[in-house]
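2 protein chains.
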Amino acid sequence: MAQRIQNLRRAPTSDSMARALDLSGRRWALRIVWELRVGPLNFRALRSACGDISPSVLQSRLHELRNDQIIEKIPGLGYRLSTGGEKLFQVLAQLDKWSGTLSDGSRRSK
Amino acid sequence: MAQRIQNLRRAPTSDSMARALDLSGRRWALRIVWELRVGPLNFRALRSACGDISPSVLQSRLHELRNDQIIEKIPGLGYRLSTGGEKLFQVLAQLDKWSGTLSDGSRRSK
DNA sequence: AATCATTGCTACCGATAGCGTAACAATCAG
DNA sequence: CTGATTGTTACGCTATCGGTAGCAATGATT
Numbered sequence: 001m002a003q004r005i006q007n008l009r010r011a012p013t014s015d016s017m018a019r020a021l022d023l024s025g026r027r028w029a030l031r032i033v034w035e036l037r038v039g040p041l042n043f044r045a046l047r048s049a050c051g052d053i054s055p056s057v058l059q060s061r062l063h064e065l066r067n068d069q070i071i072e073k074i075p076g077l078g079y080r081l082s083t084g085g086e087k088l089f090q091v092l093a094q095l096d097k098w099s100g101t102l103s104d105g106s107r108r109s110k
Numbered sequence: 001m002a003q004r005i006q007n008l009r010r011a012p013t014s015d016s017m018a019r020a021l022d023l024s025g026r027r028w029a030l031r032i033v034w035e036l037r038v039g040p041l042n043f044r045a046l047r048s049a050c051g052d053i054s055p056s057v058l059q060s061r062l063h064e065l066r067n068d069q070i071i072e073k074i075p076g077l078g079y080r081l082s083t084g085g086e087k088l089f090q091v092l093a094q095l096d097k098w099s100g101t102l103s104d105g106s107r108r109s110k
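Protein chains in written order, with this note's numbering: chain P, 1 to 110; chain G, 1 to 110.
1. Let me see if you follow: with CB-CB separation under 8 Å, is D96 (chain P) close to chain G or not?
2. If I'm right that M17 (chain G) touches S24 (chain P) with Cβ under 8 Å, what's the distance once you round it to whole angstroms?
3. Are the Cβ atoms of L95 (chain P) and A20 (chain G) separated by less than 8 Å?
4. Would you give the residue range spanned by the beta strand (DSSP E) that L136 (chain P) belongs to?
5. Report back the beta-carbon spacing between L65 (chain G) and I32 (chain G) to the nearest angstrom; my notes put them in contact at under 8 Å.
6. For chain G, check one thing: does any of its Cβ atoms lie closer than 8 Å to the Cβ of G25 (chain P)?
7. Who pairs with K73 (chain P) in a beta bridge, going by DSSP?
8. With 16 other CB atoms within 10 Å as the buried threshold, where does A29 (chain G) fall?
9. Where does L92 (chain G) sit, in a helix, a strand or coil, going by DSSP?
10. Where do the N-terminal and C-terminal ends of the alpha helix (DSSP H) with D116 (chain P) fall, by residue?
11. Determine which residues of the region 61-93 of chain P have a Cβ less than 7 Å from any Cβ of chain G, and write them out in chain order.
12. Y79 (chain P) and I71 (chain P) look like a contact to me (Cβ under 8 Å); what is the Cβ gap, rounded to whole Å?
13. How long is the line joining the alpha carbons of R47 (chain P) and P55 (chain P), rounded to whole angstroms?
14. Report all residues from its chain with a CB closer than 8 Å to the CB of C50 (chain P); omit the five preceding and five following residues, and keep chain order.
15. For a test of the three-state rule: what should DSSP assign to S102 (chain P), helix, strand or coil?
16. Could you tell me the alpha carbon to alpha carbon distance between F89 (chain P) and V91 (chain G), rounded to whole angstroms?
17. If you reduce the DSSP assignment to three classes, tell me which class G39 (chain G) lands in.
18. Using a C-beta cutoff of 8 Å, does R31 (chain P) count as contacting chain G?
19. Which same chain residues, not among the five before or five after R61 (chain P), have their C-beta less than 6 Å away from its C-beta?
20. Give the range of the alpha helix (DSSP H) segment to which S60 (chain G) is assigned.
21. Roughly how many angstroms separate the alpha carbons of K97 (chain G) and D52 (chain P), rounded to a whole number?
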């Protein structure tokens, strides 16, 4: 593993990766993708799945995610992952596994 | 009542995953981890690697990431990924691959 | 020692993003 | 019709972010 890091030593962060990281850095963006993993959810169901996130923020994220073609809106059904979104979900599945190792004594710092 | 269709079966998002997603949702958090993949960087180098992020935000993220034991501070060397941080890096490597497929026509929406 | 450069970091403040609540029109059930 | 449920927007408030400047501490150079 130290070797793997070694090999990447000179690769600068790609534009696409910077975009992906920027996307991830918006509140609720990944959570929304994660909640859609089980199938389509409509606006209100999605909202409650995310712990009653503010509807204005949800609306923003939905637009952005649609813009990036990660989710799509199906009239009468709600929102669901696109093909690309399902690929992103695979990554999040890894994150889910990793999250189990997150130290527990970590509450918001200041 | 239409809700009977929605909330049938769903593995609820675990607390640890919610924490991980929350962490990812803070600006620059994952980018910082990503930039540290090449090895330790000191405060100013890290800042410039992230595209001259505001030092106050960087400082906050560094505290939080240290709190979650994702990075550690090495006196005289700067900041580097901890063991857990390197595991997170593996996940980000997946994200990096995925990012290549991110649709290009997506500029910030509002 | 005096000077200069570099370091990590903080202070300040304007700008933006996010939150919470309340509503709205449209649709559909009864 | 009435009443419930939908997606969505409006509003005002707070928290977070961003940009610039500046500090004290350390180390090198003269």
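All C-beta atoms in this analysis are idealised placements derived from N, C-alpha and C, irrespective of residue type, glycine included.
Quick caveat, the model's predicted, so the values are computed rather than measured.
Walking through what the data contain:
1. Residue mapping note: residue 96 (chain P) aligns to position 96 of the first sequence, counting from 1. Judged by the 8 Å Cβ criterion, D96 (chain P) is in contact with chain G.
2. Working through the second sequence from its first residue, we reach residue 17 (chain G) at position 17. Working through the first sequence from its first residue, we reach residue 24 (chain P) at position 24. M17 (chain G) to S24 (chain P), Cβ: 14 Å. No contact.
3. Your numbering for residue 95 (chain P) matches position 95 in the first sequence. Your numbering for residue 20 (chain G) matches position 20 in the second sequence. Going by C-beta atoms, L95 (chain P) is nearer than 8 Å to A20 (chain G).
4. Within the shown structure, residues of chain P are numbered from 1 to 110, placing residue 136 (chain P) beyond reach of any answer.
5. Residue 65 (chain G) sits at position 65 when you count from the first residue of the second sequence. Residue 32 (chain G) sits at position 32 when you count from the first residue of the second sequence. About 7 Å separates the two Cβ atoms, so the contact holds.
6. Residue 25 (chain P) sits at position 25 when you count from the first residue of the first sequence. By this cut-off, G25 (chain P) is an interface position.
7. The residue given as residue 73 (chain P) occupies position 73 in the first sequence. In DSSP, K73 (chain P) forms a bridge with P:Y79.
8. Translated into the one-based positions of the second sequence, residue 29 (chain G) becomes position 29. By the 10 Å Cβ count, A29 (chain G) comes out buried.
9. Position 92 of the second sequence, counted from the start, is the residue given in the question as residue 92 (chain G). Here L92 (chain G) sits in helix by DSSP.
10. Any answer about residue 116 (chain P) is impossible in this case: the structure gives chain P only from 1 up to 110.
11. H63, E64, N67, D68, Q69, G84, K87, L88, V91
12. By 1-based counting over the first sequence, the position of residue 79 (chain P) is 79. By 1-based counting over the first sequence, the position of residue 71 (chain P) is 71. Sure, about 5 Å apart at Cβ, within 8 Å.
13. Taking the first residue of the first sequence as 1, we reach residue 47 (chain P) at position 47. Taking the first residue of the first sequence as 1, we reach residue 55 (chain P) at position 55. For R47 (chain P) and P55 (chain P), the distance between alpha carbons rounds to 7 Å.
14. Against the first sequence, residue 50 (chain P) aligns to sequence position 50. Contacts found: W28, R31, I32, E35, L58.
15. On the first sequence, position 102 is the one that residue 102 (chain P) refers to. It should be noted that the sequence gives Leu, not Ser, for residue 102 (chain P). Of the three classes helix, strand and coil, the one that applies to L102 (chain P) here is coil, per DSSP.
16. Against the first sequence, residue 89 (chain P) aligns to sequence position 89. Against the second sequence, residue 91 (chain G) aligns to sequence position 91. Those two C-alpha atoms are separated by around 12 Å.
17. Indexing the second sequence from 1 puts residue 39 (chain G) at position 39. DSSP places G39 (chain G) in coil when its eight states are reduced to three.
18. The residue labelled residue 31 (chain P) in the question sits at position 31 within the first sequence. It does: the Cβ of R31 (chain P) has a partner Cβ on chain G nearer than 8 Å.
19. Translated into positions along the first sequence, residue 61 (chain P) becomes position 61. Hits under 6 Å: W28, A29, I32.
20. By 1-based counting over the second sequence, the position of residue 60 (chain G) is 60. That run of the alpha helix (DSSP H) goes 55-67.
21. As a working mapping, residue 97 (chain G) is identified with position 97 in the second sequence. As a working mapping, residue 52 (chain P) is identified with position 52 in the first sequence. Their Cα atoms are separated by approximately 32 Å.
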